[in-house]
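Be aware that the sequence shown starts at 371, since it is given in the working numbering, and climbs by one per residue.
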Amino acid sequence: MSAPLYVALLHYPVYKKDGTVITTSITPMDLHDIARSCLTFGVRRYFVVNPLPTMQYLSRRVAEFWLSDYGANYNRTRTDAFSIMRLQSQVEDCIAEIIDEHGMKPRLIGTSAKRWDHSVSYSFLADQMQQDAAPYLLFLGTGYGLINEFLRRCDHILDPITGAGEYNHLSVRSAAAIILDRLFNNPKNG
Numbered sequence: 371m372s373a374p375l376y377v378a379l380l381h382y383p384v385y386k387k388d389g390t391v392i393t394t395s396i397t398p399m400d401l402h403d404i405a406r407s408c409l410t411f412g413v414r415r416y417f418v419v420n421p422l423p424t425m426q427y428l429s430r431r432v433a434e435f436w437l438s439d440y441g442a443n444y445n446r447t448r449t450d451a452f453s454i455m456r457l458q459s460q461v462e463d464c465i466a467e468i469i470d471e472h473g474m475k476p477r478l479i480g481t482s483a484k485r486w487d488h489s490v491s492y493s494f495l496a497d498q499m500q501q502d503a504a505p506y507l508l509f510l511g512t513g514y515g516l517i518n519e520f521l522r523r524c525d526h527i528l529d530p531i532t533g534a535g536e537y538n539h540l541s542v543r544s545a546a547a548i549i550l551d552r553l554f555n556n557p558k559n560g
């Protein structure tokens, strides 16, 4: 894949079970498990987006531990994974950081557990990324998913991950790993 890929885990704006828009809490397991998946697949940077100061503090404390000498001696691979994680208050900060690095706005890729009229396949997006030098920013939602207004801002929305039955509520950690595997291990990619 030639286009640089960035991943952002959004805790806002997302839906609550009843359809209201909320900010979700950060889960420490999401921090390191998604960072490990991102580093495994060559993601340039993993953004964790949450506007709440208490959640930012929690994230910083977890990251500081794994980036410390003690954390590195205890589990070097986790330290390596945390090296690509950045905490941001809002999506616009992620986009600005990517623009600063590449001189262009990233292509925005949404994810959803439901199919949209303009959803694209993993092979379509992988092909686009092979042919494109522009950076890509993939959004993962927490709670009950990214809000519709946010998804409408995206250049593409990936097809949902579906299983064998009716149940469709993967953890974001699992979804992140599946999505990255599908994008990077697409048969057309070699």
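Built from N, CA and C at the ideal position, the CB exists for glycine as well.
For residue i, does the three-state DSSP call read helix, strand or coil?
i, result
"Gln458", "strand"
"Arg415", "strand"
"Ala378", "strand"
"Ser489", "strand"
"Leu428", "helix"
"Ile531", "coil"
"Ile549", "helix"
"His472", "helix"
"His539", "coil"
"Gly511", "strand"
"Gly389", "coil"
"Leu478", "strand"
Label residue i either buried or exposed according to how many other C-beta atoms from any shown protein chain fall within 10 Å of its C-beta, with 16 as the threshold for buried.
i, result
"Met399", "exposed"
"Val391", "exposed"
"Gln501", "exposed"
"Thr512", "buried"
"Ala547", "buried"
"Ile549", "buried"
"Ala534", "exposed"
"Met425", "buried"
"Asp403", "buried"
"Leu380", "buried"
"Thr449", "buried"
"Arg543", "buried"
"Tyr382", "buried"
Taking Cβ positions, are residue i and residue j nearer each other than 9 angstroms?
i, j, result
"Val384", "Thr397", "no"
"Phe411", "Asp497", "no"
"Cys408", "Val432", "no"
"Met499", "Ser372", "yes"
"Ser482", "Leu508", "no"
"Ala405", "Phe452", "yes"
"Ser429", "Asn443", "no"
"Ile454", "Arg414", "yes"
"Lys484", "Ala504", "no"
Just to check my reading of the structure: residue i and residue j have Cβ atoms closer than 8 angstroms, yes? What is that Cβ distance to the nearest angstrom?
i, j, result
"Arg456", "Phe417", "5 angstroms"
"Leu375", "Tyr506", "5 angstroms"
"Asp525", "Ile479", "7 angstroms"
"Leu528", "Val490", "6 angstroms"
"Leu495", "Leu540", "Actually they are not in contact, since the Cβ atoms of Leu495 and Leu540 sit about 19 angstroms apart, beyond 8 angstroms."
Can you tell me where the beta strand (DSSP E) holding residue i begins and where it ends?
i, result
"Gly515", "No beta strand (DSSP E) contains Gly515, which DSSP labels as neither H nor E."
Can you tell me where the alpha helix (DSSP H) holding residue i begins and where it ends?
i, result
"Leu401", "398 to 410"
"Asn443", "439 to 444"
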